[in-house]
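Undergrad: In my numbering, the protein residues as written are 37 to 331.
The beta carbon of each residue, even a glycine, is placed where N, CA and C say it ideally should be.
Just passing along the structure, written as structure tokens.
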Amino acid sequence: MHADEPDTDAGLVRRLLRAQFPHWADLPVDRLVSGGTVNAVYRLGDTLTVRLPLTRAGARDLDRERRWLPKLASVLPVTIPTVVAMGEPAEGYPWSWTVHEWIDGEPPVEGRLTRPEHLAHDVAEFVTAMREVGLDAGPTAYRGAPLATVDRHTRAAIVDLSHTDESFDANAATIAWNEALAAPAWTAAPRWVHADLMPSNLLLTAGRLTGVLDFATVGVGDPACDLIPAWNLLSTSAREVFRDAVDVDDATWLRGRGWALSMAVIQLPYYRTTNPIISANARHTIGEILAASDT
């Protein structure tokens, strides 16, 4: 998926474990199919996972998770990852890596939700709980800055898509993007946000949210970025339930829509041939946003 991405497989995981955590080396190792783009994830036995970052930036984020996950776990309404071990570079693999506790659940798929309104309430409860976290000295969230910081990349992606995808309405996307950019900026105190609430980072049991994964982008900033599930996952009716439950003003809602659009138009061409889960979600998100913009 990325230039200079290291090769990983179950054999590498087993060699790393044998050298650094031999008590786990004989457990079954199976790669998980997911929409993740930053880590290769392997199930280790019945109760653990191994995450190998696929980019240098992803490896740098491991320290953020190790510091903040234990502090956030007690104040959030669903299960989040627990780091049980940190591995070192070895066996030709260039970066640190982690072992996490396994969390039961299945990631949702856009358009296939069994209890969308209930899920909307669940995601809103998580988003609200993140906003209300009272921990001091939080890092800057990856998407906690103003939308203008990604304006150039977003416009370039819209142009790119207009040349490669006949079904893409670049004019409508540009209008929606300009509307989001024009929304008043967040001027209150920074709030805690997850900042990457993609469907692949959510875990459901019987249609209800029971876990949230991948806190590599967690931090403080504009809470608008945590509204992206409204468009990348929820149906129109569930979106309204979510909006009522998160209780944000019109400007924050518009900025959230802007983040969802920016992410989708950048992801679609980048992952078109390398990550079908992400590219399908990006196409879905763009369709939802442009349809909503017409109403």
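Going along the chain, which residues of its own chain have a beta-carbon closer than 6 angstroms to the beta-carbon of Asp97, five neighbours each way excluded?
TA: Taking the first residue of the sequence shown as position 1, residue 97 is located at position 61. Only Ala252 meet the Cβ criterion.
Undergrad: Looking only at its chain, what residues have a beta carbon closer than 7 angstroms to the beta carbon of Ala93, apart from the 5 residues adjacent to it on each side?
TA: For this step, residue 93 is matched to residue 57 along the sequence shown. Closer than 7 angstroms at the Cβ level, and outside the excluded window around Ala93, lies no residue.
Undergrad: So, is His199 buried or exposed, given that buried needs 16 or more other C-beta atoms within 10 angstroms?
TA: Counting from 1 along the sequence shown, the entry for residue 199 is found at position 163. When all chains shown are included, His199 counts as exposed.
Undergrad: Is it a yes or a no for the segment 154-164 touching the segment 265-275, going by three-plus beta-carbon pairs under 8 angstroms?
TA: yes
Undergrad: Taking just the CA atoms, how far does Pro220 sit from Asp76?
TA: As a first step, residue 76 is located in the sequence shown; it is residue number 40 there, counting from the start. As a first step, residue 220 is located in the sequence shown; it is residue number 184 there, counting from the start. It should be noted that the sequence gives Ala, not Asp, for residue 76. Roughly 38 angstroms between the two C-alpha positions.
Undergrad: Looking only at DSSP bridge pairs, what is Leu269 linked to?
TA: Within the sequence shown, the letter at position 233 stands for residue 269. The partner list for Leu269 (beta bridge, DSSP) is empty, contrary to what the question assumes.
Undergrad: Figure out for me which residue from Ser271, Pro312, Arg308, Ala328 has the closest Cα to the Cα of Gly294.
TA: As a working mapping, residue 294 is identified with position 258 in the sequence shown. Looking at the Cα atoms, Ala328 is the closest of the given residues.
Undergrad: Among the residues of its own chain, which have a CB less than 7 angstroms from the CB of Arg167, if the five just before and after it don't count?
TA: The residue given as residue 167 occupies position 131 in the sequence shown. Answer for Arg167: Arg227, Trp228, Pro259, listed in chain order.
Undergrad: Starting from the C-beta of Leu245, find all residues in its chain whose C-beta is less than 7 angstroms away, skip the five residues before and the five after it, and write them out in chain order.
TA: Residue 245 sits at position 209 when you count from the first residue of the sequence shown. Within the same chain, Leu245 has close Cβ partners Val114, Leu155, Asp158, Val159, Phe162, Leu238.
Undergrad: Mind checking which residues open and close the beta strand (DSSP E) that includes Glu137?
TA: As a first step, residue 137 is located in the sequence shown; it is residue number 101 there, counting from the start. Start and end: 133-137.
Undergrad: Within 10 angstroms of the Cβ of Ser110, are there 16 or more other Cβ atoms? Answer buried if so, exposed if not.
TA: As a first step, residue 110 is located in the sequence shown; it is residue number 74 there, counting from the start. Label assigned to Ser110: exposed.
Undergrad: Across which residues does DSSP place Leu245 in a beta bridge pair?
TA: Numbered from 1 along the sequence shown, position 209 holds the residue referred to as residue 245. According to DSSP, which records beta bridges pairwise, Leu245 is partnered with Leu240.
Undergrad: Mind checking whether Leu80 and Val135 have CB atoms under 8 angstroms apart?
TA: Translated into the one-based positions of the sequence shown, residue 80 becomes position 44. Translated into the one-based positions of the sequence shown, residue 135 becomes position 99. Yes, these two residues count as a Cβ contact at 8 angstroms.
Undergrad: Spatial neighbours of Ala206 within its chain, please: CB distance less than 6 angstroms, with the 5 preceding and 5 following residues excluded, ordered by chain position.
TA: Along the sequence shown, read from residue 1 onward, the residue named residue 206 stands at position 170. For Ala206, where only same-chain residues beyond five positions count, the Cβ hits under 6 angstroms are Ile194, Ser198.
Undergrad: For Leu105, collect the residues of the same chain with a Cβ closer than 8 angstroms to its Cβ; drop the 5 residues on either side in sequence, then sort them by chain order.
TA: Reading the sequence shown from its first residue, position 69 is the one you call residue 105. Closer than 8 angstroms at the Cβ level, and outside the excluded window around Leu105, lie Ile116, Pro117, Thr118, Val119, Phe251.
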